[in-house]
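Below is one structure, written out as structure tokens; comments come after it.
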Ligand code: PEP
Ligand code: MN
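Numbering (this note's numbering), first residue to last: 515 to 776.
Next comes the structure, spelled out in structure tokens:
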């Protein structure tokens, strides 16, 4: 059993009365664009921006991210604005750079069971955002978490990003019940990613509201100043105005849950 997950007794990265909002583009595209997004988020009180530099794309022929150039852009934007960054890691060899420059290290769905990566991240003390594999059960996800805990790193946030089912109307199916199930098992915070769960920009707002209402510790949302031109995942990306609407409505629910957004 995943004993360390169950007996988790550390100060969680997101407290019981907090709801963390992370937003940003699927992929880092260029400095101007990322700077614009960072400034927009800061103006709305959002402290964490997401942005992928190495994208795990299904097809090798789609945009793969800017790689090292993407990391450099993230670093510049972080220095210029003070925003904190959440970035997906692909490989053990990237750990030293990420430990130094990235605030929350994301392990994507496709790497949830990359056990050597999990063990190596467990030897750091950086916050790790562990996404659920799209073909993984909750048990498998929590065993993956246990790999990180076993090495001594308690700084973990889980992220439900939907699982593959027979339903073709959404990219994945948001397993909303995983949140209260996990909340019943462990004190490790669990967030929801409505973007990759649904693959549809029109569903981001209702699913974000559902996340707040079901007791999730936060949401991670893909935004872009002009989603039509986003280089990856444009169908699930919302623009700044829609994000404003989302903030309004999510905050109402977060307040009703006696929490505050962070
Ligand atoms: C992402 O968040 O950029 C991503 C690739 O998500 P997932 O690993 O959930 O597919
Ligand atoms: Mn994406």
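The beta-carbon is built from N, C-alpha and C at its ideal position, and this holds for glycine as well.
Cβ-based neighbour list, residue i, same chain, cut-off 6 Å, excluding 5 preceding and 5 following
i           : result
residue 752 : 715, 718 and 737
residue 757 : 737
residue 707 : 673, 675 and 734
residue 585 : 567
residue 618 : 600, 641 and 643
residue 722 : 708, 733, 760 and 764
residue 767 : 723, 726 and 727
7 Å Cβ cutoff met for residue i and residue j
i           : j           : result
residue 789 : residue 730 : Since the displayed the chain opens at 515 and closes at 776, residue 789 lies outside it and no answer follows.
residue 642 : residue 635 : yes
residue 695 : residue 652 : yes
residue 746 : residue 554 : no
residue 587 : residue 775 : no
residue 686 : residue 650 : no
residue 637 : residue 665 : yes
residue 671 : residue 703 : yes
With 16 other Cβ atoms within 10 Å as the buried cut-off, status of residue i
i           : result
residue 611 : exposed
residue 605 : exposed
residue 575 : exposed
residue 602 : buried
residue 700 : buried
residue 568 : buried
residue 557 : exposed
residue 725 : buried
residue 607 : exposed
residue 570 : exposed
residue 523 : exposed
residue 692 : buried
Residues near residue i by beta carbon distance below 7 Å, same chain, minus five either side
i           : result
residue 623 : 645, 646, 647, 648 and 675
residue 773 : 531, 532 and 533
residue 639 : 667 and 669
Neighbour flag for residue i against chain B, beta carbons, 7 Å
i           : result
residue 634 : The question asks about chain B, but that chain is absent: this structure has only one protein chain.
Cβ-based neighbour list, residue i, same chain, cut-off 8 Å, excluding 5 preceding and 5 following
i           : result
residue 739 : 547, 550, 551, 554, 753 and 754
residue 828 : This structure leaves residue 828 out entirely; the chain is present only between 515 and 776.
Under 8 Å: do the stretch 677-690 and the stretch 655-669 share three or more Cβ pairs, one atom per stretch?
The stretch 655-669 and the stretch 677-690 do not touch, with fewer than three beta-carbon pairs separated by less than 8 Å.
Counting only runs of 3+ residues fully inside the stretch 689-728, write out the beta strand (DSSP E) ranges in chain order.
Restricted to the stretch 689-728, the beta strand (DSSP E) segments that are unbroken, complete and at least 3 residues in length are 704-706, listed in chain order.
In chain order, what are the residue ranges of uninterrupted alpha helix (DSSP H) at least 4 long that sit wholly in the stretch 607-644?
Taking only runs of at least 4 residues, the alpha helix (DSSP H) segments lying wholly in the stretch 607-644 are 609-615 and 629-636.
Examine the Cβ distances between the stretch 659-669 and the stretch 517-524 and report whether three or more of them are shorter than 8 Å.
Between the stretch 659-669 and the stretch 517-524, the count of Cβ pairs shorter than 8 Å is three or higher; the stretches touch.
Contact between the stretch 562-571 and the stretch 539-547: three or more CB pairs below 8 Å?
Yes, they touch.
In chain order, what are the residue ranges of uninterrupted alpha helix (DSSP H) at least 4 long that sit wholly in the stretch 560-597?
Within the stretch 560-597, the complete alpha helix (DSSP H) segments at least 4 residues long are 582-595, listed from N- to C-terminus.
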